[in-house]
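According to this note's numbering, the stretch in the sequence shown is residues 1 to 188, in order.
Here is the structure we will look at.
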Amino acid sequence: MAFDVVMFGSLSVPQQNVEEWLTTPFQFTGQPQLDEVLQETPEALLAMLGEVICAPHEFFKVTLEEGRVTVQCYASEDSFRETSPALALLFASAADFGGVGELNFAGYQGIRFGERVTLRGGQCAFLKLSGAELAELEQQQAFRSLDARIHERFDALVGRAPATDARGARWAINPFTGRRVLVAAEAR
């Protein structure tokens, strides 16, 4: 059974450590799934992640600005399996350089699973989320923002304009998500 996944989070590296972090070859071991990543440095890994090609309904955005890596992704099972080890390695590699942050992976609408990479105090932890932790994750503003972006993307793909004026708008079912959405009068 195929499934979709959201991947989101951020990582901050002290500005004075960014250049060294980006150019230091990976030395992280202990997680067998990370050994499959072929890039040699975080800089090369970021370049690879910046070139990920997704299906039209997916999006994959990993950015680095002023020592802060931000991840916002909605991907299919295949894209998730291809990129999640690289994202986890990118975050884990920052631990020795004062990196602090969190990266979340969660099944989206149907499949219930969650994993988290956490960096604090020079340590990296890989955790499986419990049902309660997953429910809590889904209430975070970052998740809710990503969820809204996903629904906007689906609406745009089916040519459904957002209802800017509720007068004359109607409710319709989004064919991709099954979610009720308010549709502008001219989109009928």
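In this text, a Cβ means the ideal position worked out from N, Cα and C, and glycines have one as well.
Touch test, the stretch 45-60 against the stretch 134-142, Cβ-Cβ under 8 Å, three pairs minimum
Three or more Cβ pairs closer than 8 Å define a contact, and the stretch 45-60 falls short of that threshold against the stretch 134-142.
Mind checking Ile150: buried by the 16 CB within 10 Å criterion, or exposed?
Ile150 comes out buried.
8 Å Cβ cutoff met for Leu90 and Pro14:
Here Leu90 is not near Pro14, since their CB atoms are 8 Å or more apart.
Buried or exposed: Val158, going by 16 or more other Cβ atoms within 10 Å of its Cβ?
Per the 10 Å Cβ criterion, exposed.
Val18, enclosing alpha helix (DSSP H) - first and last residue
Residues 18-23.
Taking DSSP as the reference, what is the three-state secondary structure of Gln72?
If DSSP states are grouped into helix, strand and coil, Gln72 belongs with the strands.
Identify, in the order they occur along the chain, each residue of the same chain with its Cβ nearer than 7 Å to the Cβ of Leu22, setting aside the five sequence neighbours on each side.
Excluding the 5 residues flanking it on each side, Leu22 has same chain C-beta neighbours closer than 7 Å at Thr41, Pro42, Glu43, in chain order.
Can you tell which of Asp96, Ala88, Phe80 has the C-alpha that lies nearest to the C-alpha of Gly107?
Taking only the C-alpha atoms, the option nearest Gly107 is Phe80.
Residue from Leu103, Leu127, Phe154 with nearest C-alpha to Leu189:
Shown here, the chain extends from 1 to 188; a query on residue 189 therefore has no answer.
Using alpha carbons as the reference points, say which of Lys61, Gly122, Ser130, Gln109 lies closest to Arg116.
For the residues Lys61, Gly122, Ser130, Gln109, the minimum Cα distance to Arg116 belongs to Ser130.
Less than 8 Å separating the beta-carbons of Ala95 and Gln123?
A distance below 8 Å separates the beta carbons of Ala95 and Gln123.
Going by C-alpha distance, which of Asp78, Glu82, Glu77, Ala88 is nearest Val71?
Comparing Cα positions, the closest option is Ala88.
With a cut-off of 8 Å, does the C-beta of Asn17 fall near any C-beta of chain C?
The chain inventory of the structure shown lacks chain C, comprising one protein chain alone.
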